[in-house]
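There are 2 protein chains.
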Amino acid sequence: MSRSHETTSPLDELAHSRLPVAARGSVRPLSMDEVSLSEDGYWGVWQAVNAASILPHCASWMESEGWVDNFRAAAEGTLPETRRGREFTDSDVYKLIEAMSWENGRLPTPALEAEIRQLIDIVGDAQEPDGYINTNFGRPGQVARYADLEWGSELYGDGHLLQAAVARARTSGRDRLFEIATRLADHICDTFGPEGIQSVCGHPEIELGLIEFARLTGVERYRRQAELFLERRGHHVLEDIEFGRAYYQDDVPIRDAAVFRGHAVRATYLAAAAVDVGIDRNDTSLVEAIRAQLNRTLARRTYVTGGMGSRFRDEAFGADFELPADGAYSETCAGVGAFMLAWRLLLATDDAAYGDLMERVLYNVITASPSPDGRAFFYVNTLHQRAIDDRSDGAQSSLQVGLGERAPWFRVSCCPTNVSRTFATLEAYVGVADSRGLAVSLFARGRITARLDDGSTAEAEIDTDYPHDGRIVVRVPARDAGGWRLRLRVPAWAQGATIRRDGTAPIVVAPGWVDVDDVGIREEEIELLLPLEPRFVFGDPRIDSARGAVAVERGPRVYCVESPDIAGAHVDGVIVDTASPPWMAGTDEVTVSAHVEQLESSSWPYAARPAAAGSPVARDVRLTPYNEWARRGPSTMRVWMRTE
Amino acid sequence: MSRSHETTSPLDELAHSRLPVAARGSVRPLSMDEVSLSEDGYWGVWQAVNAASILPHCASWMESEGWVDNFRAAAEGTLPETRRGREFTDSDVYKLIEAMSWENGRLPTPALEAEIRQLIDIVGDAQEPDGYINTNFGRPGQVARYADLEWGSELYGDGHLLQAAVARARTSGRDRLFEIATRLADHICDTFGPEGIQSVCGHPEIELGLIEFARLTGVERYRRQAELFLERRGHHVLEDIEFGRAYYQDDVPIRDAAVFRGHAVRATYLAAAAVDVGIDRNDTSLVEAIRAQLNRTLARRTYVTGGMGSRFRDEAFGADFELPADGAYSETCAGVGAFMLAWRLLLATDDAAYGDLMERVLYNVITASPSPDGRAFFYVNTLHQRAIDDRSDGAQSSLQVGLGERAPWFRVSCCPTNVSRTFATLEAYVGVADSRGLAVSLFARGRITARLDDGSTAEAEIDTDYPHDGRIVVRVPARDAGGWRLRLRVPAWAQGATIRRDGTAPIVVAPGWVDVDDVGIREEEIELLLPLEPRFVFGDPRIDSARGAVAVERGPRVYCVESPDIAGAHVDGVIVDTASPPWMAGTDEVTVSAHVEQLESSSWPYAARPAAAGSPVARDVRLTPYNEWARRGPSTMRVWMRTE
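Heads up: the protein sequence lines correspond to chains A and B, in order.
Here my numbering is used: the first residue of the first sequence is 1262, the next is one more, and so on.
Here my numbering is used: the first residue of the second sequence is 1262, the next is one more, and so on.
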């Protein structure tokens, strides 16, 4: 049974948006109802795949794996005997409800609405009288509530429930999920408040949930609780563990840290929550602390794809420049975390560079995960596949994290729903509104109709084949209220980008925001041309995988060489001739000139002289966008290609 | 209470040796009583440290961690409640007894003898009536016997008990430990024989124990059981797991595998056992299969140090050329496994190249583990320490495997006793006897008195400061029985080595065995001069860490640059000038000419052009033998140094 609460809230102007107006700047996020993406655009296609495949795929797996049944069993009182899955599977059900809710707000269907209501009821029936809800803790025969804050992920799951409730409330109103979330949030504040348990959850996420729920409800207590969690962390409130307290960022208070460290998903989620607090409290020093940590992380601990977290052992950032390509972890969820963080920093600072980061992560990590049919995923995003996964050779082991091949599901299946909820909310990220108009931060075919502070509307129709093509056309109709300012993001890589207004000559524009003043006075077409010639990229020589090697980028996308394009030779034998720049041999056909060695190795690989190439064969080698690799079946693959 | 069985066995001529005469060749191992190492030689010093420090250190930790108490508790019937430590801690107690027994054979003391007897009694009192012995399985409240062959390590522990019994019997005779071992071996054969459980242990080791026990006792059933275990493995008799069956080499039958794969300790132990079977059965094809697998492993999956197993996630070999320096696992125990294997292959094939491998692993992995005082160990042997372990920065986490600093003990503490039992048996590895004389495989100051087949004795006194100096002098006294053949190993790196017999001019000799015929007719001094100029070594460019980089070796040792030698600069800033060869600036003072960059990095590390060096400062940089790194406190360290 579901109940609907179509109440009017003082924050109703924020409907469909996860964030409020940035307290300290002039930038606010767009509501999802201010944006529509074309079905045939790059992102429209992914959203359709999400609706048609990823969501039902995830729902079906969660049913068959018993993760939904765990809630049913909780209501029926058959736990813990019948419980299935890892300790944190509840969170995946919540993320599914969140993703479904956003999708249902974007493109409502009765079937999806019914499915959401059913899941809400199943979850709600498992809630205990005091608001606590978790299928893995607290019953006879289970670990006691909050007895394992280090690893239990209870509050992590709660944060996802709150985010699901926010999504539901902002898209369909305040129904039973809102009540469930309110009772849960109150329970958390009662339990972990100033007089309560003075600790935090090993996996940050509750902070994000509480702040978003505070923004939805206007209840200050929830925001304060999020702040309490942020302030406590870093003071060794959790146990020291095998991986050190840095693993869950309990090593150093958040304002004092120099760089992201430990588990990459935890680190990025926590930083995102800190920016949220910084925005809501107008706390510039907190935002600046996170900016500095991210800057150092981008300079020393990030893959060229934008991927974060290089270590398998603890899913963590490594030391500076410890960025193995063949051993890259670069978890999909860390990409989602980096994306969430970059978006918040864009809102907090109006710095277009965070749009660059959002784009890099979106095109090279988040979209690298799903297969085009939305039924298989990479959990780990390696930058170098040395061997075709052949378990009989042991060259790769599956780890159940999808090495070399996208997998339909995982024992720990955080990534698919994280991709799904990102796709379902893509409208929210394509632009931001400010007091003078509208800024386009991501290029996607569609229409933006932003409500401005003065009550007028800024309307822009965007037409582009980006990232296949660098031409972005913005059509602005004339309006009665007079001119407004359009801003367009010029990415840092787009040296030589030009902009042209109707009837004028193109002007070269520098990276950052380019302002187009007084649009809307007359109907107008503005054309931004981003140079999409493929380009070589060289890495800091301290990065072992990049030293003596080159990568290729085109627009926002990183490319790679895959074995099907070199007639069965090994990608490790490709030696790129960097004297000839890469070129386009057709649509999306990025090509490099290379020699391809026939590789041989039967003796000790360390010698008194550098290895001399055998008799390499010169040829043109076609590259693949990194996010499309392994779509033709298992292959060897390399982002960093050897040079002479 | 201990009982002694000083029986005479048909294999008494093998006393003090772990292996019998190689069935198929003319090479046999030396008994430990055929060799004595000088106390002041390189190895004599390590043996003294072992006796004085490592053994008591390990014994003390096993007492304080409760690993010995587990046996007491088993006898008292207080298990499982009082059990402490991981499931396989019994094996460490057995390895301690083994190491103590060999040491007590080498240099007996009443105190050590008493300690061994006490441990044997403690262990023996825990044995169950049917011969089974394990403190972690089979009691009410514990997992049933053999219910978890994948992870339980029961037979792994049993193998170590059998090896301990062999050590004790070969050094002090057949006492209570021999009885315990006999009952255990019979129990295993009853349980896992042709009519028994058709499976194997997830961690190979029982095979080695059974073969050695068969050689000691002459009981064929034990050898046959080892063969059964070898033959069963690879046919998917164990469960598929997260890491794949390759993890425990149950993916492919041992004769069919192409390369070592999976867990490196498991892989090397298993291969060593296969060579043992190959020797005892005169099974050339089995030995050749292992040779081929090792050859491919050396060509593609081995660090320049000889270290094996690059992956933290599953302590496993990675794909070909997946050899990160900064993320190297290179477990000390895998070094011991490779050493055991190489020694057996040397005996099986008489190929001097296996002496080279023994030496490489001994000088660059096994001796890299202990601190000079024998009270701290590396478990993991990285080739590149990027950051000084600063847990507040999260740059490194301890993992309890000693990253950046040697640790006194580990939750999984297999390595210290493995180092200890290797040091206690070093006499066994310095040479081999053949029908015509004696071959010196490792250079150590000491004396060899080998019994030859004809009943005569080949005696050689070896004087050398190796590895500090390349001069090896072998003094051979005149004997009545006439001449014999002395062979000396010339390592592959020793280009230009010379040999000189009394009163003759030096002759350049090629790597491999160099024969010196008819020694012993008169008193004679033979001088082998190995060129110990330091040399550059370049790696296959498919190895990311080695590409655009150089390593330095001198003699059998790999060198590295450590931060204390570059005045606090970072080792990543050292750029070696390979136009000038490395040189000696004093005893052991290997030096290279280099530029040292002051490193800066505040922005995105990927750019359109390769990074240009700032204003590097030219200086001579002193290198440290890799096995002595981190002795001056935490440092950054690099084996593969950048080149221009």
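Don't be surprised by glycine CBs; every beta carbon is placed ideally from N, CA and C.
Quick caveat, the model's predicted, so the values are computed rather than measured.
Burial state of residue i (16 or more Cβ within 10 Å)
| i | result |
| --- | --- |
| W1844 of chain A | exposed |
| E1688 of chain B | buried |
| R1345 of chain A | exposed |
| V1715 of chain B | Looking at the sequence shown, residue 1715 of chain B is not Val but Asp. Flag for D1715 of chain B reads exposed. |
| P1795 of chain B | buried |
| A1313 of chain A | exposed |
| E1784 of chain A | exposed |
| A1589 of chain B | buried |
| H1497 of chain B | exposed |
| W1901 of chain B | buried |
| P1585 of chain A | buried |
| P1633 of chain A | exposed |
| G1829 of chain B | exposed |
| D1881 of chain B | exposed |
| A1873 of chain B | exposed |
| A1408 of chain B | exposed |
| G1338 of chain A | exposed |
Simplified DSSP assignment, three categories, for residue i
| i | result |
| --- | --- |
| T1904 of chain B | strand |
| F1504 of chain A | coil |
| R1435 of chain B | strand |
| E1274 of chain A | Note that E1274 of chain A has pLDDT 36, beneath the 50 cutoff, so the model's placement of it is unreliable and no number is given. |
| F1639 of chain B | coil |
| A1719 of chain A | strand |
| A1283 of chain B | Its pLDDT being 38, under 50, A1283 of chain B is placed unreliably by the model, and the measurement read from it follows with that caveat. If DSSP states are grouped into helix, strand and coil, A1283 of chain B belongs with coil. |
| T1545 of chain B | helix |
| Y1303 of chain B | helix |
| W1328 of chain B | coil |
| P1631 of chain A | strand |
Same chain, Cβ closer than 8 Å to residue i, neighbours up to 5 away in sequence not counted
| i | result |
| --- | --- |
| R1808 of chain B | G1800, P1802 |
| A1284 of chain B | Confidence at A1284 of chain B is low in this model, with a pLDDT of 39, below 50, so the placement of that residue should be treated as unreliable; the coordinate-derived value is given next. Cβ within range, chain order: I1540, D1541, R1542, N1543. |
| L1471 of chain A | G1420, L1423, A1446, I1449, Y1483, R1484, Q1486, A1487, F1490 |
Own chain residues within Cβ distance below 7 Å of residue i, not counting five before or after
| i | result |
| --- | --- |
| T1343 of chain B | A1334 |
| P1341 of chain B | R1400, G1402, Q1403 |
| S1681 of chain A | N1311, I1315, L1316, C1319, A1360 |
Chain-order list of residues whose beta-carbon lies under 6 Å from that of residue i (same chain, five-residue window excluded)
| i | result |
| --- | --- |
| V1622 of chain A | G1567, G1596, A1599, F1600 |
| D1741 of chain A | none |
| Y1767 of chain A | Inspection of the sequence shows that residue 1767 of chain A is occupied by Pro rather than by Tyr. Around P1767 of chain A: T1759, R1761. |
| F1931 of chain B | Any question about residue 1931 of chain B goes unanswered here, given that chain B covers just 1262 to 1905. |
| A1753 of chain B | D1617, P1772 |
| A1603 of chain B | Y1615, L1618, M1619 |
Determine which residues of the stretch 1802-1833 of chain A have a Cβ less than 8 Å from any Cβ of chain B, and write them out in chain order.
-> Of all residues in the stretch 1802-1833 of chain A, only P1802, R1803, I1804, D1805, S1806, A1807, R1808, G1809, A1810, A1812, D1833 place a beta-carbon less than 8 Å from a beta-carbon of chain B.
Could you tell me whether the stretch 1520-1528 of chain B touches the stretch 1551-1566 of chain B, using the rule of 3 or more Cβ pairs below 8 Å?
-> yes
Please determine if the stretch 1818-1828 of chain A and the stretch 1837-1854 of chain B are in contact, where contact requires at least 3 C-beta pairs separated by less than 8 Å.
-> no
Near-chain A residues of the stretch 1858-1870 of chain B - C-beta to any C-beta below 7 Å | Answer in chain order: S1862, S1863, S1864, W1865, P1866, Y1867, A1868, A1869, R1870.
Using a Cβ-Cβ cut-off of less than 7 Å, give me the residues of the stretch 1761-1772 of chain A that come near chain B, in sequence order.
-> Within the stretch 1761-1772 of chain A, no residue places its CB atom closer than 7 Å to a CB of chain B.
When the Cβ atoms of the stretch 1504-1517 of chain A are set against those of the stretch 1440-1457 of chain A, are three or more pairs found closer than 8 Å?
-> Put simply, the stretch 1504-1517 of chain A does not touch the stretch 1440-1457 of chain A. Fewer than three CB pairs are less than 8 Å apart.
Evaluate contact between the stretch 1639-1650 of chain A and the stretch 1288-1300 of chain A, counting only Cβ atoms and requiring at least three cross-stretch pairs below 8 Å.
-> Segments in contact, no.
Chain B contacts from the stretch 1586-1616 of chain A (Cβ-Cβ distance under 7 Å) | A1586, D1587, G1588
Does the stretch 1598-1616 of chain A come close enough to the stretch 1572-1584 of chain A to have 3 or more Cβ pairs within less than 8 Å?
-> Fewer than three Cβ pairs drawn from the stretch 1598-1616 of chain A and the stretch 1572-1584 of chain A lie within less than 8 Å of each other, which leaves the two stretches out of contact.
Inspect the CB distances between the stretch 1389-1402 of chain B and the stretch 1464-1483 of chain B and report whether three or more fall short of 8 Å.
-> no
Using a Cβ-Cβ cut-off of less than 7 Å, give me the residues of the stretch 1785-1800 of chain A that come near chain B, in sequence order.
-> R1796, F1797, V1798, F1799, G1800
Are there three or more Cβ pairs, one per stretch, closer than 8 Å when the stretch 1689-1702 of chain B is compared with the stretch 1733-1749 of chain B?
-> yes
Between the stretch 1545-1558 of chain A and chain B, which residues of the former have a C-beta closer than 8 Å to a C-beta of the latter?
-> N1556, R1557
Any residues in the stretch 1468-1494 of chain A with a beta carbon nearer than 9 Å to a beta carbon of chain B? Which ones, in chain order?
-> none
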